[in-house]
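J.:
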Amino acid sequence: MGSEILKGKKLWQGAIYLSLAAIIIKILSAVYRIPYQNIAGDVGFYVYQQIYPIYGIAIMLSTYGFPVIISKLISEKDDDRHLIMKNAFVSLSMISLVTFSFFYFNAPWIANVMGDEQLQLPLRTVSFIFIIIPLLSVLRGFFQGQEEMLPTAVSQVTEQFSRVCAILIFTYFFIINGYGPYAAGTGAALGSIIGGFIGFITLFIFYQKHQKNTAKGRQRNPLSYSMIKTILFQGIMICFSSLILVIFQFIDSLTVLRILVENGVAIDNAKIAKGVFDRGQPLIQMGTVITTSFSLVVVPLIAKVSLEGRQDLIQKYSSLAFRISFLIGGAASIGLAVIIEPTNIMLFKDSVDSQVLAIMGLAIFFTSIFLTTSAILHGLNKVHVTVSHVFIGLLVKGILNIILIPSHGTLGAATATVFACAVCASLNILTLRNIGALPKPSINRAIKTTISLVAMGMTVFLWISGSNFLFHEAMSSRLGNTFIALTSVAMGTIIFLLFIIALRLFSGEELEQIPKIRKLAVLMQFRKR
């Protein structure tokens with residue numbers, strides 16, 4: 431009994447480590463793009479965002495995909511962990527070598543498809559990130575299989591922190607010395623590779639310490655082709671739903687510039703337009719930080735009650751998770767739409783294409799719902815369903831880009847992203863309703879939710895309008911817009927929370943189920959008295 435308690439404690443402690451690491455990584459990943467754009471300019475930002483999806487795919491596989499399935503195999507057969515590690519390393523080395531070769535040797539062709547031949551060197555540089563996948567994945571999977579989450583969490587944070595530092599240092603060096611935006615993009619790719627190696631070194635240090643405390647036995651471990659197949663197939667399946675935004679970015683990298691140029695936009699203007707359009711990515715990432723970390727809690731919770739056959743609890747937890755993601759995503763999307771102009775100036779120096787970024791911000795709402803509903807489906811062991819929905823969204827995004835960009839430019843690309851995310855989220859919701867995992871919505875609760883979101887949006891809008899009217903000259907500067915943006919976020923958050931509490935959108939019992947927002951239950955109880 432005591433060992434079971436200790437085991438449970440260790441698992442929750444590990445979940446906390448990984449949740450904290452995920453939040454730190456997401457924040458760093460979103461925030462560093464702002465100084466990068468400020469240093470490299472819109473063209474430099476365009477170059478980096480053209481190659482970023484390739485890095486994003488590689489790092490998602492080495493962080494969420496392959497380590498999860500490796501850890502699962504090790505936890506099931508701990509005595510065979512060396513065999514599993516060997517098979518994992520061989521299988522991942524093969525796929526990494528093939529993927530690296532594809533991107534490295536086909537860089538001229540990919541650059542040509544993107545419509546910019548100068549992207550060859552940045553593309554070739556970023557392709558080396560795939561070489562690191564086996565090193566990171568196997569060691570992370572090993573430690574997670576041993577229920578030791580600290581090494582994974584520390585390696586993720588050190589990798590991201592060193593990557594961000596290296597990217598900004600290289601970018602500043604190349605720009606200040608006049609090498610131009612493409613050199614800066616190549617430097618950013620190199621910084622990402624350096625970050626990956628530092629993450630591996632961190633893991634290797636933990637592994638060496640672990641091996642000193644473990645009895646070693648020499649044994650010959652034959653390759654298992656069925657295990658290799660399991661690792662590759664399930665690893666890719668697991669992380670596919672998390673790749674939704676990265677995949678959509680990759681489609682934009684392949685289509686936006688080319689379609690703009692083919693429809694009469696000068697190449698230099700098209701690069702700037704794509705760079706401005708890419709400002710939306712860090713905004714979306716910041717908007718989905720809470721939902722992403724929240725989904726880490728949902729998966730084991732749903733999985734546990736699903737194994738116990740508790741359909742009532744599945745509905746209860748699924749409904750709660752869905753409502754929270756709906757509120758957070760809705761508040762972030764509406765709030766960003768209202769404050770987009772001062773936010774654009776605060777972060778990126780000017781207000782160019784604020785309308786495009788406002789539309790792009792709506793993707794936060796649908797992505798939040800998609801990530802949470804995907805987490806519920808994962809907990810119910812229906813990963814394949816979310817994968818099929820991502821493929822449908824991929825098709826929708828590609829078709830809409832081709833249709834909308836010629837007539838609406840980057841606004842068309844933003845609309846395509848929002849619509850594709852909406853399709854993916856809607857398909858997830860329909861699936862959950864069909865299998866009885868998500869109850870029908872309450873009209874009363876829907877009205878209260880709408881009132882909360884409208885009240886927040888109207889309050890922020892009136893605050894911005896009043897500030898601009900009374901202090902027009904002071905608010906026209908970047909500092910003034912920074913003040914408006916930050917105070918608007920603070921005011922909107924306070925008003926939104928007050929309405930949630932006043933309208934009792936959640937019961938104290940429901941809030942007790944979510945560790946990260948338990949303190950709101952105290953306010954609920956206080957209001958009840």
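According to my numbering, the sequence shown is numbered sequentially starting from 431.
Idealized CB from N, CA, C, for every residue including glycine.
(1) Out of curiosity, what's the CA-to-CA distance linking R959 and Y602?
(2) So E547 is in the alpha helix (DSSP H); what residue range does that whole segment cover?
(3) Count the other C-beta atoms from every protein chain shown that fall within 10 angstroms of the C-beta of D780, then say buried if there are 16 or more, exposed otherwise.
(4) Helix or strand or just coil, what does DSSP make of G760?
(5) Could you tell me whether the Cβ atoms of I914 and I894 are closer together than 8 Å?
(6) DSSP state of L450, grouped into three classes?
(7) Does D386 come out as helix, strand or coil in the three-state DSSP assignment?
(8) Apart from the five residues on each side of it in sequence, which residues of its chain come closer than 7 Å, Cβ to Cβ, to T912?
(9) Give the straight-line distance between the Cα atoms of L450 and V584, rounded to the nearest whole angstrom.
(10) R709 to L787, Cα distance in whole Å?
(11) Could you check what DSSP says for M776 in three-state terms: helix, strand or coil?
(12) If you compare alpha carbons, which of T816, R875, A932, T840 is closest to V853?
(13) In this structure, does DSSP put L933 in helix, strand or coil?
(14) Can you give me the Cβ contacts of I454 inside the same chain, cut-off strictly under 6 Å, excluding the 5 residues immediately before and after it?
(15) Using CA coordinates, which residue listed in L841, Q741, A843, T847 is at the minimum distance from A793?
(16) Quick check on DSSP: helix, strand or coil for P871?
(17) Tell me whether the stretch 608-622 and the stretch 470-481 touch, counting them as touching only if at least three CB pairs, one residue from each stretch, are closer than 8 Å.
(18) Please go through the same chain and pick out, in chain order, the residues whose beta-carbon is closer than 6 Å to the beta-carbon of L700, but skip the five residues on each side of it.
(19) In three-state terms, what does DSSP make of Q576?
(20) Can you give me the start and stop residues for the alpha helix (DSSP H) that L824 sits inside?
(21) Considering only the alpha carbon of each residue, which of L491, I599, F573, L513 lies closest to F426?
(22) Check the C-beta distance from F707 over to A843 and give it rounded, since I have them as a contact under 8 Å.
(23) Buried or exposed for P581, going by 16 or more other Cβ atoms inside 10 Å?
(24) What are the start and end residues of the alpha helix (DSSP H) that includes N699?
(25) Taking contact to mean at least 3 C-beta pairs separated by less than 8 Å, is the stretch 674-681 in contact with the stretch 821-836?
(26) Exposed or buried, which one is I521 when buried takes at least 16 other CB atoms within 10 Å?
(27) If Y514 sits next to I504, beta carbons under 8 Å apart, how far is it from one beta carbon to the other, in whole angstroms?
(28) Are there 16 or more other CB atoms within 10 angstroms of the CB of A805, so buried, or fewer, so exposed?
(29) Could you check whether S763 and P483 sit closer than 8 Å to each other, using their CB atoms as the reference points?
(30) Rounded to the nearest angstrom, what separates L834 and S672 at their Cα positions?
(31) So, T718 versus S798, is the Cβ gap smaller than 8 Å?
(32) Would you decide whether N607 is buried or exposed? Buried here means 16 or more other CB atoms lie within 10 Å of its CB.
(33) Give every residue of the same chain whose Cβ lies closer than 8 Å to the Cβ of F572, excluding the five residues on either side of it in the sequence, and list them in chain order.
(34) Which two residues bound the contiguous alpha helix (DSSP H) that contains I623?
T.: Taking the definition as stated:
(1) Residue placement at R959 is flagged as unreliable, the pLDDT there being 49, under the threshold of 50; a coordinate-derived value is accordingly withheld.
(2) Counting along the chain, E547 falls outside any alpha helix (DSSP H), and DSSP gives it neither H nor E.
(3) Under this definition D780 is an exposed residue.
(4) G760 falls in the helix class under three-state DSSP.
(5) I894 sits close to I914, with the two beta carbons spaced by under 8 Å.
(6) If DSSP states are grouped into helix, strand and coil, L450 belongs with the helices.
(7) Outside the displayed range of the chain (431 to 959) lies residue 386, so it cannot be described from this structure.
(8) Closer than 7 Å at the Cβ level, and outside the excluded window around T912, lie M776.
(9) Across the structure, L450 and V584 are spaced so that their CA atoms are roughly 10 Å apart.
(10) Distance between the alpha carbons of R709 and L787: 7 Å.
(11) The three-state secondary structure of M776, taken from DSSP, is helix.
(12) Considering only alpha carbons, the answer is T816.
(13) Judged by DSSP in its simplified three-state form, L933 adopts coil rather than helix or strand.
(14) Here the set comprises V587.
(15) Here the closest residue by C-alpha is T847.
(16) It is coil, neither helix nor strand.
(17) Taking 8 Å as the limit for Cβ pairs, the verdict is that the stretch 470-481 does touch the stretch 608-622.
(18) This sequence places Ala at residue 700; Leu is not what is there. If we look at A700 and ignore the five residues flanking it on each side, its Cβ neighbours are L687, L690, V691.
(19) Three-state DSSP puts Q576 in coil, outside helix and strand.
(20) DSSP places L824 inside the alpha helix (DSSP H), whose first and last residues are 813-838.
(21) Outside the displayed span of the chain (431 to 959) sits residue 426, for which this structure offers no information.
(22) Taking a contact as a CB-CB distance under 8 Å, the pair F707 and A843 counts as one, their CB atoms being some 6 Å apart.
(23) Counting C-beta atoms within 10 angstroms of its own C-beta, P581 has 16 or more neighbours from the protein chains shown and is therefore classed as buried.
(24) From DSSP, the alpha helix (DSSP H) with N699 extends over 697-707.
(25) Using a Cβ-Cβ distance cut-off of 8 Å, the stretch 674-681 and the stretch 821-836 are in contact, since at least three pairs of beta carbons, one from each stretch, lie closer than that value.
(26) Checking the sequence shown, residue 521 turns out to be Ser, not Ile. By the neighbour-count criterion, in which 16 or more other beta carbons inside 10 Å mark a residue as buried, S521 falls on the buried side.
(27) The sequence given here places Ile at residue 514; Tyr does not occur at that position. The pair is a contact, with the Cβ atoms about 5 Å apart (cut-off 8 Å).
(28) A805 comes out buried.
(29) The Cβ atoms of P483 and S763 do not sit closer than 8 Å to each other.
(30) Rounded to whole angstroms, the separation of the alpha carbons of S672 and L834 is 26 Å.
(31) Against a cut-off of 8 Å, the Cβ pair of S798 and T718 comes out as a contact.
(32) Answer is exposed; the Cβ neighbour count stays below 16.
(33) For F572, where only same-chain residues beyond five positions count, the Cβ hits under 8 Å are I500, S501, I504, R511, M515, Y637.
(34) The continuous alpha helix (DSSP H) containing I623 extends over residues 611-642.
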